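Taking it in order: structure first as structure tokens, then the write-up.
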Ligand code: SF4
Ligand code: SF4
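Numbering (my numbering), first residue to last: 1 to 135.
This is the structure we're talking about:
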């Protein structure tokens, strides 16, 4: 993939905001790949954890926001436990998800969920899903 860089991207307020909300220093990541290797859902992510960190380092926030990665992360912290630099991709993705929800980008519309599913799904899963996907 060809990446075009500009100072405005690399020093963008959006990326600084992700760092502030997550408490993570993106520059610490040195791309070892341990997070992606251990992530149970990286196979389904359009941008796996290691690349999330790299693209944010390069200021490519919009591309990461447009991908499904932050919605698929299950918050298992496997990435954090495996990172030799103490980075938490989980915290980064959680910060991005919270930001998107605050902007009103709900991932699901509660009213659109089929009643048979709501009746069958475990209550804990429903509550967790609403916390994660609805503002
Ligand atoms: S917390 Fe998210 S990104 Fe980290 S390993 Fe688990 S699913 Fe993957
Ligand atoms: S494990 Fe840590 S240092 Fe390695 S790629 Fe992932 S975030 Fe970066």
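Note that CB positions come from ideal geometry on N, CA and C, so glycine has one too.
In this text the structure is predicted, and so the values were computed from the model without any measurement.
Original post:
CB of residue 57 to nearest heavy atom of ligand 2: below 6 Å?
Top reply: If you number the chain shown from 1, residue 57 lands on position 57. Not under cutoff, so the answer is no.
**OP:** Grab the span of the alpha helix (DSSP H) containing residue 45 for me, first residue to last.
**Re:** Numbered from 1 along the chain shown, position 45 holds the residue referred to as residue 45. Element bounds for residue 45: n/a, residue is neither H nor E.
**OP:** Can you give me the start and stop residues for the alpha helix (DSSP H) that residue 129 sits inside?
**Re:** On the chain shown, residue 129 is found 129 positions in, with the first residue counted as 1. Counting along the chain, the alpha helix (DSSP H) containing residue 129 begins and ends at 123 to 133.
**OP:** For residue 23, count neighbouring Cβ atoms within 10 angstroms of its own Cβ and tell me buried if that reaches 16, exposed if not.
**Re:** Indexing the chain shown from 1 puts residue 23 at position 23. By the neighbour-count criterion, in which 16 or more other beta carbons inside 10 Å mark a residue as buried, residue 23 falls on the exposed side.
**OP:** Would you please verify whether the beta carbon of residue 104 is less than 7 Å from any beta carbon of chain C?
**Re:** The structure shown has no chain C; it contains just one protein chain.
**OP:** Return the Cβ separation of residue 75 and residue 94 in integer angstroms, given the expectation that the two are a contact with Cβ distance under 8 Å.
**Re:** Sequence index remark: in the chain shown, residue 75 carries index 75 (1-based). Sequence index remark: in the chain shown, residue 94 carries index 94 (1-based). The pair is a contact, with the Cβ atoms about 7 Å apart (cut-off 8 Å).
Subject >> Touching by the beta-carbon criterion (3+ pairs, under 8 Å), the region 12 to 22 and the region 77 to 93 >> reply: yes
Original post:
Is residue 79 helix, strand or coil by DSSP?
Top reply: Position 79 of the chain shown holds residue 79. Annotated three-state conformation of residue 79 is helix, per DSSP.
Original post:
If you drop the 5 nearest sequence neighbours on each side, which residues of the same chain put their C-beta closer than 8 Å to that of residue 65?
Top reply: Residue numbering aside, residue 65 sits at position 65 when the chain shown is read from its first letter. Around residue 65: 96, 100.
Subject >> Classification of residue 115 by the beta-carbon crowding that lies within 10 angstroms, buried from 16 upward >> reply: Residue 115 sits at position 115 when you count from the first residue of the chain shown. Exposed is the call here.
Original post:
Hey, is residue 98 close to ligand 1, as in C-beta under 6 Å from one of its heavy atoms?
Top reply: Sequence index remark: in the chain shown, residue 98 carries index 98 (1-based). For residue 98, the Cβ stays outside the 6 Å cut-off from all heavy atoms of ligand 1.
Subject >> Local Cβ density within 10 Å of residue 108, reported as buried at 16 or more and exposed below that >> reply: Within the chain shown, numbered from 1, the residue matching residue 108 stands at position 108. The residue in question, residue 108, is exposed, as its Cβ has fewer than 16 Cβ neighbours within 10 Å.
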